[in-house]
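One structure is given below, encoded as structure tokens.
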Amino acid sequence: METYFELVRDADGVRVACEELSREPFLGLDTETTELDPYKGDIRLVQLSNGRKSFVFDMLPFRNGGLKENADLTPLRDLIGSDAQTKILHNAKFDAKWIGHHLGCEIGNVFDTYLASQVIAAGERDRRHGLADVAQFFTGTTLDKTEQVSDWNAPELSASQIEYAARDAAVLPPLREQMADRLKNDELERVAQLEFECVVPIAQMELNGFAVDQPLWRERLGKVKTEQAKTADQLQDLLSAGVSQASLFGRAEINLDSQQQVVDALLNLGIPVPETTRAWQLQPLAEEYPVVAKLLEYRGVQKAVTSFGENFLEFVEPKTGRLHADFRQIGAPTGRFSCSEPNLQQVPHDNEYRKCFRAPDGRKLVIADYSQIELRILAEFSGDEKFIEAFISGADFHKITAAQVFSVKPDDVTDEQRSFAKRLNFGIVYGVGASRFGMMTGLSQNDAESTMRRYFSTYRKLDAYLRDSATRVTSERTARTASGRMLKLSFDETDRQAVGSARRYGVNMPIQGTSADILKLALRRLHDAIRYTSARLVNIVHDEIIIECDAVDCDETAFTLGKAMSEAGSEFIRSVPVKIDARISDSWAK
DNA sequence: AGGGCGAGCCAC
DNA sequence: AAACGTGGCTCGCCCT
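Residue numbering for the first sequence follows the numbering used here, starting at 1 and increasing by one per position.
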């Protein structure tokens with residue numbers, strides 16, 4: 001396929017090209033860069049195309065004094081930043097980061113073919129989402145991506161490189177047309193828009209990075225390493241106690257991280273090892289056998305040293321001294337984000353870790369999370385009057401539900417009753433069964449069952465909703481969130497376990513996914529609201545948003561954050577209040 | 001040597 | 001007879 005293109009290398013060319021492009025409602029946009037990380041390399045090309053004609057802007061001649069400051073590029077920045085034209089990109093987060101960092105502008109009005117492909121695939125695992133795959137799937141065109149990894153630093157780019165660059169932008173407008181039809185047909189326009197509007201805030205968050213106090217992290221690590229060495233030594237002693245040669249030839253060292261060897265050693269000591277040696281399974285044995293208690297202690301410190309050790313600091317970007325993690329916008333088919341390198345969504349809750357995430361001098365962190373968002377979503381979906389009433393009362397939710405379930409006055413609820421209610425409240429979101437509920441509460445199977453019966457007979461409509469939801473999953477094989485996000489489920493209906501698992505997944509997805517919808521909407525509103533302030537988005541954890549701002553602005557920022565989150569929640573949850581817990585702090589610790 | 005996978009454990 | 005959803009990270013083990 002031939003692509004018609006013009007190469008732009010001077011100020012006049014930029015002006016003329018942008019003038020022509022500004023008349024187009026839809027523009028394919030792509031960049032070619034010398035690295036994958038915007039803090040490490042440069043932008044070489046920026047391509048814009050209406051699908052028939054592409055302009056390839058070579059950034060090399062504009063680099064003197066920095067792209068950001070170069071006035072010759074103003075028409076290009078204005079065009080990219082404008083909301084008047086829809087910019088079509090594949091994985092727009094990537095380009096948004098480069099354009100934001102190097103050109104100093106935001107992309108206005110994004111259509112992301114990568115996210116659109118994921119939204120349309122609705123969790124189908126065999127679908128690929130690379131540009132070549134997506135173009136093939138939706139327009140039947142075959143793309144050759146071999147130039148993608150070529151040298152974009154060369155003083156003179158080859159004809160083939162420029163042709164490739166031009167074509168990558170040119171395929172986007174016709175691709176958008178096909179995808180837009182499909183989004184409309186599948187009633188996925190709203191969720192797609194939600195995703196598209198989230199791209200720039202997330203790109204900005206990754207550029208911002210999350211400040212970590214490295215000396216403090218190392219100090220904690222030092223302590224925990226000492227602890228780890230001591231615990232490992234004690235555990236070796238305890239485990240080798242059953243081996244007779246130990247005293248003659250020194251200890252028979254075993255690899256404490258090998259479950260096989262640990263299980264063998266435990267069996268040697270005559271300990272009845274359960275099927276797995278997971279913490280919750282070993283817990284009951286810990287009291288009787290000190291070696292089991294020591295093993296659990298070892299696992300704890302081992303995790304602290306390995307997953308949250310020096311490796312974590314290797315992700316600090318030297319240029320900023322901060323962690324710039326990689327957030328995948330549709331990390332789970334439910335719509336939740338996932339995060340890696342490092343995963344800032346799994347930092348232990350313990351203050352020893354969280355206090356290491358500190359705002360720099362003169363700055364503050366503003367931290368806000370949704371209170372019991374998934375249960376509120378469940379209240380909304382089910383329309384259960386008593387469940388709703390428990391939220392509207394504004395009192396301790398688990399206590400109120402305990403009072404309702406056990407038919408006592410709220411003041412007479414025992415700690416044990418509240419604990420049962422709390423565990424059940426959380427469990428039902430995931431489709432907990434009586435067996436598991438009994439396990440975690442220590443109730444017998446019978447008592448667990450009768451407590452659950454009592455719970456569901458208190459919340460009749462909730463029960464009905466959960467049953468309907470599960471039935472719909474098996475008959476329609478799809479589930480949807482409040483924004484219309486879809487999950488397709490495939491399972492073998494003769495496999496009881498597969499059916500059960502699909503039902504739980506299908507019941508959970510609309511709840512978990514609606515929570516993700518709300519967070520994404522909040523991110524967009526927040527982004528617009530803090531645009532010209534000192535506030536910067538630095539981390540998100542499913543139902544929590546963390547902003548860093550100048551200390552003098554923290555009250556205003558907290559208000560803005562609370563408002564954005566609360567309004568976003570109210571878009572999808574109307575029958576119960578949306579509660580936000582916010583705090584201003586020097587660090588992430590409580 | 002390095003990929004794939006499961007166990008285990010961190011978060012929500 | 002059953003066994004709670006979503007992710008990522010690190011380790012050992014097994015394979016090519």
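Quick reminder that beta carbons are idealized off the backbone N, C-alpha and C, glycines included.
Secondary structure of L365 (DSSP, three-state): strand. Beta bridge pairing from DSSP links L45 with E32, D58. Taking a C-beta distance under 8 Å as the contact criterion, L67 and C18 do not qualify as a contact pair.
Assigned with DSSP and collapsed to three states, V538 falls in strand.
In this model, R453 and R278 are separated by some 30 Å (Cα to Cα). Secondary structure at I254: coil, using DSSP grouped into helix, strand and coil. Judged by beta-carbon spacing, F57 lies within the 8 Å limit of V8, meaning their Cβ atoms are closer than that value. As DSSP reads the structure, M486 sits in a beta bridge with R480. In the structure shown, the three-state DSSP call for I330 is coil.
Within 10 angstroms of the beta-carbon of L36 lie fewer than 16 other beta-carbons, which makes it exposed.
Across the structure, V301 and E69 are spaced so that their CA atoms are roughly 50 Å apart.
Counting along the chain, no beta strand (DSSP E) covers I107, and no H or E run does either. For I80, the uninterrupted alpha helix (DSSP H) run begins and ends at 74 to 81, by DSSP.
Taking the CA atoms as reference points, D543 sits about 5 Å from D369.
Within the segment 148 to 234, the alpha helix (DSSP H) runs of at least 4 residues that lie entirely inside it are, in chain order, 159 to 170, 172 to 185, 189 to 208. Checking the DSSP bridge columns, you'll see R358 partnered with S587. Take D83, set aside five residues on each side of it, and the residues of its chain with a beta-carbon closer than 7 Å to its own are G108, N109, in chain order.
Sixteen is the threshold: since fewer than 16 other Cβ atoms of the shown chains lie within 10 Å of the Cβ of N446, the residue is exposed.
In the DSSP assignment, Y4 falls within the beta strand (DSSP E) that extends over 4 to 8. E317 is bridged by DSSP to R322. Taking a contact to require three or more Cβ pairs closer than 8 Å, the segment 143 to 150 and the segment 162 to 175 qualify as touching. In this chain, D550 is not harboured by any alpha helix (DSSP H); it is covered by the beta strand (DSSP E) spanning 544 to 550.
Contact annotation: D186 and G335 have beta-carbon atoms that are not nearer than 8 Å. Within the model, the alpha-carbon separation for Y289 versus I271 is close to 8 Å. Residue environment for A71: exposed (fewer than 16 other C-beta atoms within 10 angstroms of its C-beta).
Here the alpha carbon of R15 sits roughly 11 Å from the alpha carbon of S22.
In the DSSP assignment, S340 falls outside any alpha helix (DSSP H) and within the unbroken beta strand (DSSP E) covering 338 to 340. With a threshold of 16 other beta carbon atoms within 10 Å, T34 falls short and is exposed. Shown here, T142 sits in coil according to DSSP, grouped into three states, outside any helix or strand.
Excluding its 5 nearest sequence neighbours in each direction, C339 has C-beta neighbours in its own chain below 6 Å: A325, F327, Q345, listed in chain order.
Within the segment 82 to 132, the complete beta strand (DSSP E) segments of 3 residues or longer fall at 86 to 89, 110 to 112, listed in chain order. Under the three-state reduction of DSSP output, Y459 falls in the coil class, being neither helix nor strand. Assignment of L67 by DSSP, reduced to helix, strand and coil, places it in the coil class. Per DSSP, D492 lies in no alpha helix (DSSP H) segment and is marked neither H nor E. In the DSSP assignment, no residue is bridged to K563. Taking C-beta atoms as the reference points, S371 and K579 count as a pair closer than 8 Å.
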